[in-house]
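Asker: Protein chains in written order, with the working numbering: chain X, 14 to 485; chain U, 876 to 983; chain P, 6 to 507; chain C, 99 to 414.
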Amino acid sequence: MMVLLLVLPLVGALLMLLWPKIAPLLTLLTATICSLAALQLLLQVSEQGSQQILLAGWPSGLAISLEANSLSCLLILLTTVLQLLVALYAFATYRRDKLGTGFWPLSSLLQLGLTSLWLSRDLFNLYVCLELLGLVAVALVSLSGDKAIKPALNYLLLSLFGSLCYLLGVAMLYGAYGVLDISALALQWQTNILSTAALLLMTLGLMLKAALWPLHGWLPAAHGAAPAPVSALLSALVVKGPLFILCLLWLQLASAPQAVAIAPLFTGCGLAALLLGGVSALRTPFAKNMVAYSTVAQLGYAMLALGLLLRFNQPLFAAALWLFVLAHALAKAACFLAIGEITATLGGKRLNTLKGASQTMPLAMFAFAVAGGSLIGLPPSGGFLAKWALLQGLWLQGDQLLWLLAIVLATLLSAAYVFRVVVLAFDRADPVAPDFAPRILPQWLALLPALAVWAMALYSEPLLRLLKQEGL
Amino acid sequence: MTDLSPQLLLYIGTAAGLFAIGLYGFIVGPQTLRRILALNIIGAGIFMLMVVLAYRGLADGAADPVLQALILTGLVVAVSATAFALALLARLKQARPGQYRPEQEPGP
Amino acid sequence: MSPFWQQYLPLAIILSSLLPGLIIFTLKETQVKLRISLNLFGVGVKLLLVLLMWQAVKAGQQFYFSLPFLPGADLVLQGDALSLLFVVLSSVLWLATTIYAIGYLEHSPLRSRFFGYFSLCVSATVGLALAGNLVTFLLFYELLTLATFPLVVHRGTAQSLAAGRKYLAYTLGGGVILMLGVALLHSLVQSPLFTPGGYVTAVVSGNEGLLKLAFALMIAGLGVKAALLPLHGWLPQAMVAPAPVSALLHAVAVVKAGAFGIIRLVYDVFGVESMHALQLAQPLMLLAAATILYGSWRALSQQDIKRRLAYSTISQVSYITLGVAMLGPLAAVGGLVHLVHQGVMKITLFFCAGNFAETLGIHKVRQLNGVGRRMPVTAMAFTLGALGMIGIPPTAGFISKWYLGLGAAEVEQNWLILVFALSGLLNAAYFLPLVYRMWFLPQSMPWPQEQQLSNRFETHWMLLTPAVFTAVLLLLMGLFASTELSPLSWAELIVEREFRHD
Amino acid sequence: MSLLLFDATLCLLLLVLALASILSRQLVHGVILYIAFGLMMALAWARLATPDLALAEAAIGAGLTGALCFSALARQQLHLPVVLSWPQRLWPAVFVLLMLGGVLAALLQLPPTASPLVDVAQAELINSGVSHPVTAVLLNFRSWDTLLELVVLLLALLGALQVAPAAKATTSWPLSLSWSRLLAPMVILLAGYLLWAGASQPGGAFQAGALLAAGAVVLRLNHQLNWLRWSNFWIRLLIVSGVSAFVLAALLAMLLTTDNTDVIWLRWPPQLAGGFILLVELFATLAIALTLTLLVVGEPAAAEQAQQNSGGEAHD
C-alpha cells in the first residue's frame, strides 16, 4: 500500500510529461486511487498498529526506513484528498485561468514528495524529500509567469539555504553517531554541544522552510503570487512538511533538557507569529496576501503547541498540534480556492474587489466564511477542536494566564481579518460587477474542504484516538 | 579537548570556514547570482565536511561508502537547484530588460 | 411514546427550522410562494413537535440525544422543563416574526438570503435551549452569533456594516471569553449534563479561585449577549437592522440567549449551594441592579423610538439575571417567567414600532403625536406592551415584577425592592409619554412617509396580525397566570424541580 | 609533515578562493574564481581518498555549475559594482562569526572513528551485485535516495523549461564546429567506460552522464543535434526513462521475488542484482546527460513557440 502511494504519483507524473494532453485526467485518476489507498492504509494502521519498512530489504541502519504510523497515514490521506480536490478545481478552471500544462506533473510530484516525507524516518532521505518539495513548490509558484518570478526566486534561494542548514546538521549527527535512522539515532543520543548545535542548525533551516516566524518573510509574496490552486496546496501542505520534520527531531531525538531549553523559543516565536501575523493580515490590501499572512499566523498555533508540548510533555498539546495542522490545511485550502475564484471572477487582486461578493458569489463567500470560522476556532470546527485541546492543556498546567491572554488576542485578531472580508462582502452600496458569469462548480469545490473541516469535529473521537496512538 | 588528528582538524576547520564565507556572501551579496554562488560555496563546505568524515578512520583503505553516496546525491541535488535558480534569474532579467539597478529592492 | 422518539425529538425540533432554512438559501428570488410555504411548514412542524415534547416533559419524561464530540463532552441535546420554556417561547415568537417578516420585506431584495439566515438563527436559538451541557451550549452560542450577523448587516449600508462590525467585535470577544471559561471548568470537572443543583459542588473545596475565575469568565462571555452593564454597547447600535430582526434579537434570540445561559450557569452548573459557598451571588446581583437602573436612565433621553426600546431591553433583561441571582425560589420564578413575558412584550413593542416606521415613516418620539387615531390597533398593542413593561396589572409584566419583589423580600435583600420601585418609575417615565402622545395629542405634522399598504386595515395585515397576536398573548398571560397553561405555572414547575433536589 | 603542509596550503587556497569569489567586484571574476575553487575542491577530495567524489565535483561543482553561471551571465547585463556601507557588512559578519564559532565548537567534538555503517556496508557488499561500495550504496542500499535524486534533477529541468526565456540565437564558430565533431565520439566512448567502470572502480552514472552532457552541449551550441529538445517526444521519453527504468525495474523485481520472502520495494533479486543495476545505470546516464544538456542550453526559441502553440490548441 505504501509502495502504491509512492509509485503511483511518480508514474503518473512521468506519463503526464510524455503525453501532456491527458495530464488533467491522469492527475484526477491517480489522485482518486491514491486517496482510496491512503484511506485503506489508515484503516490498516489504526487496526494493526504502525507498519515499518526497511527499503530494499537491507539491515536496519544501512537501509532507509519508512514508517507508516497513524499520524503519517492521516497526513497522507490529507495530502491525497486535497490533491484530488485541488486537481478537480484546476480541472474546472484551467482553461479560464490559463494554468500552464506544467501544473499537472508538478502537482503529482508534489504529492510524491509529501508522501515520501511523511513516511520517511531517515535523516538524509528527509533532506532529499525536502529539496524535492522545495523545488516543486518553487516551480509551481513560477507557473504564474512574470509577476511570480521574483518571489519564486527568493523562495528558492531561502529554501535552498534552509536545506543546506539542515544538511549540515545531518552531517554533524552522522559524524557523531554514524547512523541516519531516527529511531537508531534516538537510542544513542547524548546531550552535548555537538548534538545541540546540529539540532539548532536543522531547526533554523526547517523554520525557514516552514515560514515560521520570524523567518516567514518569503511566504506572503510567494503564496500571494502563485495561481490559486497552487497557493492552496502550498499553504495547506507544503509548509507542513518541514514542520513535521521539526517535530520529529525535537520529539523523538532531543533529550529532555534540550527540549525544555528550546521550548521558550518555539512558544515565543509562536506567540509573535500569532500576533504579528494577524496584524499583518489585517493590514494588507491584497486578498491573497491576507490569506497568506493568515497562514503565518496560524502556523504560530502549531509552534506554540510544539513549544508547550516540549515544555510540559502533556499529550493534549500533541493532539492540539496535529489538529491545528489538519484543520488549518483544510481551512486554508478552502480559503485560497474561494478567494482565488472570487478574485478571478471579479477581476482584481485587492480586498476591495470583494465588495458585495456575498451577492455575486454567495457560495464562494460562504466557503470563505466557513473556513474562516475554523481559522478563528469557532465550534464545532476543526480549529475549535485544536484550540480546545490547547486550552485544556493550559488549564491543566495551571497558572498560564499569559498564554491564555495571547490566545484570546490571537483569536480576536483572526476574527478581525476574517470578518473584515465578510463585512466587505455584505457591502451592498456598490458591489463589484463580475467580469463573467460566476461558475458554480469551482465554488462548490472551494466549499468542500470548508465543510470537511467542520465535519472534523464530528470525528474528533477517532481523530484524537489516532493522534494519541502515536506519542509523536 | 578533541581526539581528532591535526590534518582532520585542518580540513574540518576549512569546511566550517567555507560555510561561514558562503553564509556571509548569502546574507550580504547584493546580486542574486552572487548569492547563488554563495549557496554553492556553503554546499561545498558541507560536502567537504562530509568528505572529511568519510576519510577519518579510513577502514581498509577505503573511505566511508555511505557518506560518499550521500555526497554524490547531495551534489546532484545542489546542481539541480542551482540550475533552476539560474533559469529563474535569467527570466527575471528578461522580464525587465534594460534596468541597471542592483537587485536590492524593498520587499513587496 | 417510543424511546426512538425520545431520542430524536430534540434533534427533529432543531432540524425543523434548519432544513427549510438551508433549502431556502438555494431558492431564487422569484420563488416567493415556495419560500413562504417552506417557512410556514417549518414553523408548523416545529410547533407540533414542541407540543409533543411539552406534553411529555410535563409528564416527567426526559429527552436525550447525543453525538460524540470532545472527550468528556459529547454533543448533547436534552429536553427538560427549563429548556422547554425557552423552546416554546422561541417557536411561538418565531411564528409571529416569520409572518411579520414576510409582510415587512415584501418587496426588498435578497429575501432568500434573509429568510435562510432567519431560520438558521432560530435553529441556533432552539439548539441553545436544548443544549444538554456547556460545550453544546457554547457551540450553539457561537453559531447564533454567526447566524445573526448577516441579519444585522442585511441592509448593507455603511451604518449597518458599522453596527455589524461592532456587534461582531462584542459577541465574538464574548464568545472567546466564554470558551476560556468553559474550557477551564471542563478541565476541573469535565462537562457533564446540566443537572438541577449543579455539578461543581464536589470540587468546590480547594478550587475556589479557579471556580470563581471560571464563573467570572463565563458571566462576562454571556453578559455580552445579555447586555450586562459594561458590555451592552452593541445593542443600541444593532437597531439599524430591519424591524423583524430587531424584534428577534431583543425578544428571542440574542439577548435571551445570554440571559438563558446565565440561568443555566447559576442553577444547573454551579447550583445554589456552590453559589452560596463561593459568594458569587452578590456581585451578580449588583451588576444586574446597576444595569437595570442604567438602562432605564439612558432610555429616558433617547428620541429615536427603536433606540429607546433598545435601552429598555438592556434594563428589562437584567430583571431576569437579577431574579436568578437572588437564589430564592420565588425570585427564580419571577426571573424565569420574565424571560417569557419580556420576550412577548418586547416583541410586541418592536412590531408596533416597525409598523409605525413602515406605514407612516415614523422613527422619532415626537412624530408619534396623534398616531392613535390613524393606526388605532397598532397603537393599542403598543400601549399594552408599554403598560406591561411598566408592570401594571393585569398585564404579564405585573406578574413577573410581583414575583421578583416577593423574591427579594424572601431572601431579605430589601434594597432590591427599592431598585424595582425606582426602575418602575423610570419605566413609566419613558413609556407613558409615548402613550400620551399617541392618544392624547393631536397630529402636529404630516406623516414623514406615508404608504398605503392595505385598503381594509390600517396597515398590511401581515404586519398587523403578529402585533395583535402577541399583544393579546401578553394580556392573556397576565389574566390567566394562575391556570395550568400559563408560563407562570411552568416556571413554578421548573423551580420546583430545580430546588427539590436539596 | 610535508603532507600536512600541502594540506594547509590547499585549505588556505580554498578559503582564499571562496572569499575572493564572494568579494570580487565583478560578477564575472566571481564566477571564474568559483570555478577555480571547484577544481581545487576536487583536488582536496582526491587527496582525501574519495576519487569518485573528486571526479563528480570536477564535473559538476566546477564544470557544470560554472557553465550554468556563465550562460546566466551571458544573458544579463553587466552590473555596476555595488558598494555596501559598513553596517551592511559589519552586522552580517558578526552574525557569521558567531555562527562559525558555534559550529566549530561543535565540530571539535566529533569522534575520530568511522561510522559503524562502514562495516555493515562492507559485509553486505557481496550481496549487492556490484563490487564498488559507493555504487552499491547508491543503487542498492539507498536506492530510494537515488531515485528521488533523479526526480529532483528532472524537476529542475521542468522548472527551468517552464520559466525559460526565449533564448537568443547565437552564431556558431566554424573551428569549434569541426573540433566538436571530432570530440563527440571520444566523449561517448569515455562516458561508456566510466559507466562500466562504476561497478568496480570510481565512476558511475552521474559522472558518465555529466561527461556526455558536456559533449552534447558543445555540439548543441554549434547548432548540431537540433532534434535535441524537450518538445521532441523521443527525447522526452529518454529523459523520463531515467526515472521510469528505475521504477519499472523495481516493479519487475517485486514480481520476480519468490513467494516465500516478503515483497519489499526496491529490493533487487540477489542473483540478478548486478544486471538490474547496470540497466538502471544505463538509462540514468542517458537521462542525466540529456537533462543536463537541456539545462545548460535551454529550449530553442522557435521550438518552444511551436510547442506552446500545439499545447494551447490541444487544450482550447
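All C-beta atoms in this analysis are idealised placements derived from N, C-alpha and C, irrespective of residue type, glycine included.
Looking at chain U, is there any beta carbon in it that lies within less than 8 angstroms of the beta carbon of residue 124 of chain C?
Answerer: Closer than 8 angstroms: no.
Asker: Please list, in chain order, the residues of the segment 319 to 332 of chain X that have any C-beta partner in chain C closer than 7 angstroms.
Answerer: none
Asker: Note down the Cα distance separating residue 387 of chain P from residue 161 of chain P, rounded to an integer number of angstroms.
Answerer: 29 angstroms
Asker: Check whether the Cβ atoms of residue 170 of chain C and residue 961 of chain U sit closer than 8 angstroms, and answer yes or no.
Answerer: yes
Asker: Below 8 angstroms on the Cβ atoms is my guess for residue 66 of chain X versus residue 15 of chain X; work out the distance and round it to an integer in Å.
Answerer: 6 angstroms
Asker: Below 8 angstroms, how does it come out for the segment 210 to 224 of chain X and the segment 258 to 274 of chain X: are there three or more Cβ pairs, yes or no?
Answerer: yes
Asker: Is residue 322 of chain X closer than 8 angstroms to residue 331 of chain X when the C-beta atoms are compared?
Answerer: yes
Asker: Can you find a C-beta in chain U that's less than 8 angstroms from the C-beta of residue 510 of chain X?
Answerer: Past the edges of chain X, shown from 14 to 485, lies residue 510 of chain X, and the structure says nothing about it.
Asker: At the level of alpha carbons, what is the spacing between residue 22 of chain X and residue 349 of chain C?
Answerer: Those two C-alpha atoms are separated by around 15 angstroms.
Asker: Please go through the same chain and pick out, in chain order, the residues whose beta-carbon is closer than 6 angstroms to the beta-carbon of residue 401 of chain P, but skip the five residues on each side of it.
Answerer: Taken in chain order, the residues that qualify are 346, 393, 479, 482, 483.
Asker: Is residue 893 of chain U close to chain C, meaning its C-beta is less than 8 angstroms from at least one C-beta of that chain?
Answerer: yes
Asker: Where does the unbroken alpha helix (DSSP H) through residue 455 of chain X begin, and where does it stop?
Answerer: 453 to 468 is the extent of the alpha helix (DSSP H) around residue 455 of chain X.
Asker: Can you give the Cα-Cα distance for residue 918 of chain U and residue 137 of chain C, rounded to whole angstroms?
Answerer: Residue 137 of chain C has its alpha-carbon roughly 15 angstroms from the corresponding atom of residue 918 of chain U.
Asker: Using DSSP bridges, identify the partner residues of residue 161 of chain P.
Answerer: DSSP output for residue 161 of chain P lists no bridge partner at all.
Asker: If you drop the 5 nearest sequence neighbours on each side, which residues of the same chain put their C-beta closer than 8 angstroms to that of residue 138 of chain P?
Answerer: 78, 79, 81, 196, 197, 198, 199
Asker: By alpha-carbon positions, which one of C:374, C:293, C:217, C:307 ends up nearest to residue 343 of chain C?
Answerer: C:374
Asker: From the DSSP output, read off the bridge partner residues of residue 83 of chain P.
Answerer: P:69
Asker: Would the C-beta of residue 150 of chain C count as close to the ligand MN, meaning under 7 angstroms from any of its heavy atoms?
Answerer: This structure lacks the ligand MN, and indeed carries no ligand of any kind.
Asker: Answer yes or no: do residue 250 of chain C and residue 899 of chain U have a C-beta to C-beta separation smaller than 8 angstroms?
Answerer: no
Asker: Return the CA-CA distance between residue 307 of chain C and residue 951 of chain U, expressed in angstroms with no decimal places.
Answerer: Whole-angstrom Cα-Cα distance: 11 angstroms.
Asker: Under 8 angstroms between C-beta atoms, does residue 141 of chain X make it to chain U?
Answerer: yes
Asker: Which residue's Cα is closest to the Cα of residue 375 of chain X: P:213, P:121, P:373?
Answerer: Ranking P:213, P:121, P:373 by Cα distance to residue 375 of chain X puts P:121 first.
Asker: Just mark residue 450 of chain P as buried or exposed, buried being the case when its beta carbon has 16 or more other beta carbons within 10 Å.
Answerer: exposed
Asker: What's the call for residue 18 of chain P, buried or exposed, on a 16-neighbour Cβ count within 10 Å?
Answerer: buried
Asker: Go through the segment 115 to 171 of chain C residue by residue and report every complete run of the alpha helix (DSSP H) that reaches 4 residues or more, in order.
Answerer: 125 to 145, 149 to 154
Asker: Could you say which of P:42, P:190, P:243, P:237 lies nearest to residue 322 of chain P if we only look at CA atoms?
Answerer: P:237
Asker: Quick one: residues in its chain with C-beta nearer than 6 angstroms to the C-beta of residue 269 of chain C, no 5 flanking neighbours on either side, listed in chain order?
Answerer: Its pLDDT being 49, under 50, residue 269 of chain C is placed unreliably in this model, and the value from its coordinates should be taken loosely. Cβ neighbours of residue 269 of chain C beyond the five flanking positions: none.
Asker: Pick out whichever of X:287, X:173, X:298 has its Cα sitting closest to the Cα of residue 318 of chain X.
Answerer: Among X:287, X:173, X:298, the Cα nearest to that of residue 318 of chain X belongs to X:287.
Asker: Kindly say whether residue 220 of chain X, judged by its beta-carbon, lies nearer than 8 angstroms to any beta-carbon of chain C.
Answerer: Answer no: the Cβ-Cβ gap between residue 220 of chain X and chain C never drops below 8 angstroms.
Asker: Looking at the secondary structure, which residues open and close the beta strand (DSSP E) in which residue 80 of chain X lies?
Answerer: Looking at the DSSP string, the run of the beta strand (DSSP E) that includes residue 80 of chain X is 78 to 81.
Asker: May I have the straight-line CA-CA distance separating residue 344 of chain P from residue 319 of chain P, to the nearest angstrom?
Answerer: 13 angstroms
Asker: Within 10 Å of its beta-carbon, does residue 253 of chain X have 16 or more other beta-carbons around it, so buried, or fewer, so exposed?
Answerer: buried
Asker: Look at the alpha carbon of residue 292 of chain C and the alpha carbon of residue 123 of chain C, and state the distance between them as a whole number of angstroms.
Answerer: For residue 292 of chain C and residue 123 of chain C, the distance between alpha carbons rounds to 39 angstroms.
Asker: For the beta strand (DSSP E) containing residue 327 of chain X, list its first residue and its last residue.
Answerer: Taken as a continuous stretch (DSSP letters only), residue 327 of chain X belongs to no beta strand (DSSP E), as it is neither H nor E.
Asker: I'd like to know whether the C-beta of residue 468 of chain X is nearer than 8 angstroms to at least one C-beta of chain C.
Answerer: no
Asker: On the DSSP bridge list, what partners appear for residue 66 of chain X?
Answerer: Residue pairing by DSSP places residue 66 of chain X opposite X:79 in a beta bridge.
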